[in-house]
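Taking it in order: structure first as structure tokens, then the write-up.
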Amino acid sequence: MRKPSDTIRGHRAGAALAALLAGALTLTACSGGDGEKDADEGGGATGSTVTLPKLNGTELEVAAVWTGTEQANFKKVLAEFEKRTGAKVTFVPAQDPIINFLGSKIAGGQPPDVALLPQPGAIKQAVEKKWAKPLGPDAVKELSKNYSQGWQDIGKVDGKPYGVYYKAANKSLIWYNAPVFENAGAKEPKTWAELLTAAQAVYDSGVTPFSVGGADGWTLTDWFENVYLSQAGPEKYDQLAKHEIKWTDPSVKQALTTLAQIWGKKDYVAGGADGALQTEFPASVTQTFTGGDQPKAAMVFEGDFAQVNIGETKAKVGGDAKVFPFPSVGSTAPVVSGGDAAVILKDSKGAQALATFLASPDAATVQAKLGGYLSPNKNVPDSAYPNETQRTIAKALIKSGDDFRFDMSDQAPQAFGGTPGKGEWKDLQDFLKNPKDVAGTQARLEKDAAAAYGNGG
């Protein structure tokens, strides 16, 4: 569904990410010294790298699906915009899928001025429905100054810029309970085989290896994408993302069979399949880091944003809570990214100014300091991130440049890749329940994909 030029090419970042993360926790706190100097010189959270208009009397609404700490932290970014411009900005909590939420708002004549869209497919839909407005010259100038070409291109539709990727995610990480690993004599794995060995060691020590937030179907799509990208390779990944090959392809069978080595292993998933399907993502993280060295699980797979949820426990990132890159299943470790893009729905001086601000290092620096956040903006100083693990993950993303793959389900039509209880989310939830049914799962995925993409593969 995306033009070939919009597809982010990349897999070489795997080795760089692995090397950076391997050294993350051995670096000293003072290693960010120069970065802190850069933050002061470049403006950071207190200075200013971007000129914004005075907007006294202007009122704006911004919609996003963020909740809890993530929402609270973003509101601090909006407060900084208010302080600099005099505008008043209201955050509007949205529901998934956000396109449906926005559709009802627009039908009622009350669209928000700006919306944060979590899928490139959603940006394309917003443009096709004539809801989205192109970014103005000031926002485009900030994008070209602060973003790699790949991140700029993902926000374009038919070559025209509509989206500012304010927030990114590195979705190729596995977080683990360090005391559990230590007790089990388990080591950080670099390959899938080593991951299974570590899982067995943890299991033998009396702790369930994996926590899976199966109530949220998107976590399962992320599991699949990492296995598929590493095993089938980037070209097949691109083809499947655009439905140029069918989900009945042998490469999908291979990835599902590999996943079943964990999902289908008795007692490897906390609560079993039924328990996992009732566990939402935040709980999948917190239950890995509560209970001392006898938690409900030893490991949880997900992006850098899991730090927000780890922060709700007594575990400290870099101490009791550590991280390793998703192991290589094939020849290279995968680097899968996601992100949220700011899109203007009501064109105005205020809305364009907010998009410009969100494209600047200033906005991202405010939220980076609060933790649990990653920016694709290459001019955010390293020192803005609150711990060495987060700094390292951020550096790896920036260093990868255009060499990464965007989340596959986020590139799909929302009916297939982004709707709770439907499409890929539901099909993989059913597979988690019955990991022996590889062929049936493939058939259901293909049927749902063909209906959503409007083609036969």
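Residue numbers (our numbering): 524 to 980. Ideal placement from N, C-alpha and C gives every residue a C-beta, glycine not left out.
Within the segment 614-681, complete alpha helix (DSSP H) segments of at least 4 residues are found at 621-630, 643-651, 660-669 and 672-677, given in chain order. Residue range A844 to P848 is occupied by the beta strand (DSSP E) that includes K845. Of all alpha-carbon atoms in L719, L881 and S667, the one lying nearest the alpha-carbon of L782 is that of L719.
In the structure shown, the three-state DSSP call for E584 is strand. For K959, the closest C-alpha among the options V889, A891, G756 and K788 is that of K788.
Residue burial annotation: G673 is buried, with at least 16 other C-beta atoms found within 10 angstroms of its C-beta.
Note: T879 is not bridge-paired with any residue in the DSSP secondary-structure output. Within the segment 925-976, the complete alpha helix (DSSP H) segments of 4 residues or longer fall at 931-934, 937-940, 946-956 and 961-976, listed in chain order. The alpha-carbon of E911 is positioned some 26 Å away from that of A707. Leaving aside the five residues that flank D681 on each side, none in its chain has a CB nearer than 6 Å to its CB. For F733, the beta-bridge partners assigned by DSSP are V792 and M822. Of the candidates K710, A938, A865 and S571, A865 places its Cα closest to the Cα of Y685. Distances from the CA of S871 to each of G944, D661 and F847 were compared; the closest alpha carbon is that of D661. Taking 8 Å as the cut-off, the beta carbon of A655 is found no closer than this to the beta carbon of S734. By the neighbour-count criterion, in which 16 or more other beta carbons inside 10 Å mark a residue as buried, D790 falls on the exposed side.
For L601, there is no enclosing beta strand (DSSP E); the residue is part of the alpha helix (DSSP H) that begins and ends at G591 to T608.
Less than 8 Å separates the beta-carbon of V573 from that of S883. Of the other Cβ atoms in all chains shown, 16 or more fall within 10 Å of the Cβ of T888; this residue is therefore buried.
Assignment of beta-bridge partners to W698 by DSSP yields V823 and V846.
The alpha-carbon separation between V840 and Q594 amounts to approximately 21 Å. Assignment of beta-bridge partners to S906 by DSSP yields no partner. Checking the DSSP bridge columns, you'll see Y751 has no partner listed. For D863, the beta-bridge partners assigned by DSSP are K690.
DSSP places V612 in the strand class (E or B) of the three-state scheme. In the structure shown, the three-state DSSP call for T744 is helix.
A distance below 7 Å between beta-carbons, with the five flanking residues on each side excluded, links A876 to the following residues of its chain, in chain order: L575, P576, L578 and T608.
For a cut-off of 8 Å, the C-beta gap from I697 to Q937 is around 28 Å, too long to register as a contact.
The three-state reading of DSSP puts T780 in helix, counting H, G and I together. As computed with DSSP, S851 is found in a beta bridge with T714. Of the residues assessed, N900 falls on the buried side of the cut-off, its CB having 16 or more other CB atoms within 10 angstroms. Within the same chain, Cβ atoms closer than 6 Å to the Cβ of A764 are found at M931 and Q934, the five residues on either side in sequence being excluded. Per DSSP, reduced to three states, the secondary structure at L897 is strand. By the Cβ test, the segment 597-616 is not in contact with the segment 840-851, since fewer than three Cβ pairs between them sit closer than 8 Å.
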